[in-house]
Each structure stands twice: as C-alpha cells, then as structure tokens.
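Take the position in the sequence shown, starting the count at 1, then add 292; the result is the number in my numbering.
The C-beta atom is built at its ideal place from N, Cα and C for all residues, glycine as well.
Structure first, commentary second.
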Amino acid sequence: MESCFQTLNWEISSMKYAMYQEIKDQPISLRRTIESEKRHMEYISKEFLNLDKIFLIGCGSSISTCYTIRDAIKSLSDINIDVQTGFDFTDHQYLVKDSNMGVILTSQSGETSDTLSALRKAKEYNLKTVAITNVSDSSMAKEADDAIITLCGEEVAILGTKTYVTQLFALYVIFFNMIKTKESEEILTQLYTVPDLIEEAIETTEEKSKEIARINKDVDLFYCMGSGLNFGLAYKLAMTMFMEGALKHACPVYSGEFRHGLIERVEKGVTVVFLKAGNNFDDVTNRAIKFCEDLEVNSILFNLNDYADIHPLLTPFALIVPLEWFIYHLSIYNNEDPGSTRHIGKIRY
C-alpha cells in the first residue's frame with residue numbers, strides 16, 4: 293500500500309502544467325526582449341531622468357516589480373519614486389496638470405482595468421506615460437505615450453513567470469541607467485547575465501525546491517519575509533504565488549516589521565519563508581531568522597548565497613526560479629493546477 297501511495301505521489305508531482313513550460317521559457321523571453329527593446333529602454337531612461345517624480349503603477353505580480361525597483365534604487369539614489377495600485381492612483385492621487393512627472397504602468401495583458409484607469413487619469417493631466425506590457429495591441433500599449441513590449445508570447449498560468457522577470461528586467465534597465473556611478477554600472481553589467489543565470493537555475497534548482505515543497509505540503513499559512521528590495525519578491529510570493537497559485541494562505545511581511553506583531557505569533561509549528569540578499573546585506577532578516585531558530589519555528593530560507601554570485605541588489609533574479617519550482621510542486625502535491633484560479637477572471641469585481 294505504501295509503495296502504491298509513493299508511486300501515486302511521484303506521478304502527481306511529475307505532471308506538467310502550463311506553468312512548467314512558462315518557467316522554462318524565461319531565458320528566451322528575456323533574450324528576445326533585450327534584443328528588441330534594449331535601446332528603447334535606454335531612451336526612456338533618458339526621457340524620465342529629469343522628472344520631479346515618477347509613479348509606478350501595477351497590481352499583483354506587476355506591482356511587486358514596482359516595489360522591488362523602488363527599494364533597489366533608493367539605496368543608491370534620491371530619484372523620487374512612488375508606487376501605487378491603479379485604484380489608489382485613480383481614486384486618491386492629487387495631481388496638477390502639466391506637472392513635471394511621469395507614470396510607468398506595468399501590466400501583463402495591457403488591459404488590467406484599474407491600471408488602465410490610472411493611465412487615462414495620467415493622460416488627462418498631461419503626465420508623461422510609458423506602459424510595460426506583453427501585448428503589443430493592448431489598450432495600454434496604444435494609449436500610453438510610449439510602450440515597452442516584453443516578448444514572452446502567451447502566458448497562461450496566473451502566477452506570472454516570464455512576464456514577471458521581463459517586466460522587472462525592463463525596470464532595472466530604465467532606472468539603473470539613470471544612475472551614473474561605478475556601482476550602478478557594475479549592476480547593469482551583471483544584469484545582462486541574468487538570462488544565463490536563470491537558465492542555469494531552471495536546470496539546477498528544481499529538485500531542491502521540490503523537496504522543500506514535499507516537506508511543507510501540509511502547511512496552510514506561510515509568512516513571507518523580506519528586507520529592502522526583497523519585500524517586493526515577498527509580496528509576489530505571498531499574494532500571487534502562494535494564494536493564487538498554490539491556494540495557500542500567505543502574508544507578506546517587511547523584515548523590519550517582524551518585531552511589531554509577527555514576533556508575538558511565531559512559535560513552534562508556524563512557518564516563515566525568509567528571502568535573503570546574502571549574509572552581509574540583510575542584518576534585520578538575520579536577526580529574525582535567529583529568533584525563529586531559537587523557538588524552533590518552521591523556517592524556510594532562500595538565500596542569494598546559495599544560488600548565485602551576483603550583486604545583492606539583483607537578488608530577486610536569483611531567487612525567483614527556486615521559488616517558482618517550490619510553488620509549482622507545492623501546488624501539485626496538493627492536487628492543484630498552479631496556473632488556475634477559482635475567482636480571478638471569472639467573477640466581476
């Protein structure tokens with residue numbers, strides 16, 4: 293009986309859903325987008341360089357890329373970046389017509405209703421607008437002043453794999469080209485090695501992530517913790533990967549906020565996923581990990597040092613593939629298709 297059960301588990305965990313191929317497609321999607329849009333992204337960087345303020349608008353995986361680039365840039369520059377959801381920008385943002393401000397809108401489909409509404413408000417106030425989208429004939433691509441098209445092909449799985457990395461890549465190119473320092477130039481140089489890094493991660497990290505998924509398949513609530521630029525990835529992990537993909541309860545937490553609330557709830561049996569940008573870049577995360585170890589919390593650690601030798605500000609590119617494999621197999625161990633949803637796109641909201 294046990295042998296049959298093990299065989300069934302192996303068969304279930306070996307199934308290939310749409311997300312599987314979309315994980316595999318990430319390197320070629322990046323390379324196509326770089327070849328097509330590199331000079332275009334550098335041009336937009338120059339166009340946005342002297343603006344007084346830049347709004348980044350998105351939702352789900354798209355807004356997580358906005359959080360990441362904002363938090364990466366603020367450690368090197370005083371560029372004024374404000375991240376908002378489309379609803380918040382549309383309903384609550386005060387604007388003055390013809391202000392020296394720009395809006396970059398991120399959307400896989402280019403049809404996300406709240407993001408599209410934000411674009412139209414920005415156009416009404418004559419702000420400079422750029423859309424980053426995967427669909428060249430989408431409303432956002434047509435209506436924005438300019439558009440970067442990520443060449444990912446169709447994306448079926450709800451989690452956003454290849455569109456996530458290409459959106460994030462585009463934002464890195466735009467913003468790091470605004471900063472003329474030795475460190476920013478080093479980061480840009482390493483950035484263009486990301487397609488190779490991701491290709492290697494796809495081939496080398498699946499089994500380890502699959503084992504983490506097997507061990508944690510019965511966990512129902514995951515706290516996802518990251519510091520600085522890793523909060524954006526923690527947000528994506530919780531909001532779109534665990535909850536939309538694996539249908540697990542999850543909550544993103546800033547590492548700096550661990551001592552305000554979560555410290556009272558962690559105890560043996562509670563699960564916390566830590567995202568680390570190396571050992572010397574993340575002191576507040578290190579302290580949270582040590583506290584959890586002392587309480588025998590079920591800590592799951594994804595650390596840059598275990599996956600790549602790159603600048604800490606590029607950590608999300610190194611951790612995203614192991615996290616995708618983790619969520620992919622966690623979903624399958626729980627008899628879920630990691631690309632399907634129960635409500636998104638089916639119920640009017």
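Quick one: residues in its chain with C-beta nearer than 7 Å to the C-beta of Cys296, no 5 flanking neighbours on either side, listed in chain order?
With a pLDDT of only 43 at Cys296, under 50, the local geometry of the prediction cannot be trusted, and the value read off the model is given with reservation. Contacts found: none.
List, from N- to C-terminal side, the alpha helix (DSSP H) runs of 4 residues or more that fit wholly inside the region 388-469.
405-416, 431-435 and 454-468
Return the first residue and the last residue of the beta strand (DSSP E) that Cys516 is part of.
Cys516 -> beta strand (DSSP E) spans Leu513 to Gly518.
Environment of Lys330 [buried if 16+ CB atoms lie within 10 Å]:
exposed
Which one or two residues does DSSP pair with Asp374 in a beta bridge?
Phe347
For the region 581-617, list the alpha helix (DSSP H) runs that are entirely contained and at least 4 residues long, ordered along the chain.
none
Could you please give the first and the last residue of the uninterrupted alpha helix (DSSP H) stretch that includes Val545?
No alpha helix (DSSP H) contains Val545, which is instead part of the beta strand (DSSP E) from His541 to Tyr546.
Would you decide whether Asn469 is buried or exposed? Buried here means 16 or more other CB atoms lie within 10 Å of its CB.
buried
Thinking C-alpha only, which one of Ile619, Thr421, Ser399 and Cys351 is nearest Lys500?
Ile619
Our contact map puts Ile660 next to Ile396 with C-beta atoms below 8 Å; I'd like the distance itself, whole angstroms only.
Residue 660 cannot be examined here, being either before or after the span of the chain that is shown, 293 to 641.
Per-residue burial, Asp510 [other beta carbons within 10 Å of its own, 16 or more giving buried]:
By the neighbour-count rule (16 or more Cβ atoms within 10 Å), Asp510 is not buried but exposed.
On a CA-only basis, which of Phe379, Leu368 and Pro630 is nearest Leu539? Give me that one, please.
Pro630
Verify whether the separation of the beta carbon atoms of Leu606 and Gln459 is less than 8 Å.
Their beta carbons are not under 8 Å apart, which means Leu606 does not touch Gln459 by this criterion.
Near Tyr464, what residues of its chain come up, given a Cβ to Cβ distance below 6 Å and the 5 sequence neighbours on each side ignored?
Leu483
Considering just the uninterrupted stretch of the alpha helix (DSSP H) at Phe340, what are its terminal residues?
Gln318 to Phe340
Distance check for Ile494 and Ala433, CA to CA, integer angstroms please.
31 Å
Phe381 (DSSP reduced to helix, strand or coil)
Helix at Phe381.
Count the other C-beta atoms from every protein chain shown that fall within 10 angstroms of the C-beta of Ile639, then say buried if there are 16 or more, exposed otherwise.
Annotation note: pLDDT 45 at Ile639 (below 50); position unreliable, no value reported.
So for Thr563, helix, strand or coil by DSSP?
strand
Short of 7 Å in beta carbon distance, which residues of its chain neighbour Asp512, apart from the five on each side in sequence? Order them along the chain.
Lys540 and His541
Under 8 Å, Cβ to Cβ, is there at least one residue of chain D near Leu605?
Given the protein chain composition of this structure (a single chain), no chain D is represented.
Spatial neighbours of Lys308 within its chain, please: C-beta separation below 6 Å, excluding the five flanking residues on both sides.
none
DSSP puts Lys568 in a beta bridge; with which residues?
By DSSP's assignment, Lys568 forms a beta bridge with Asn595.
Inter-stretch contact at 8 Å, needing at least 3 Cβ pairs: the region 579-598 / the region 333-349
no
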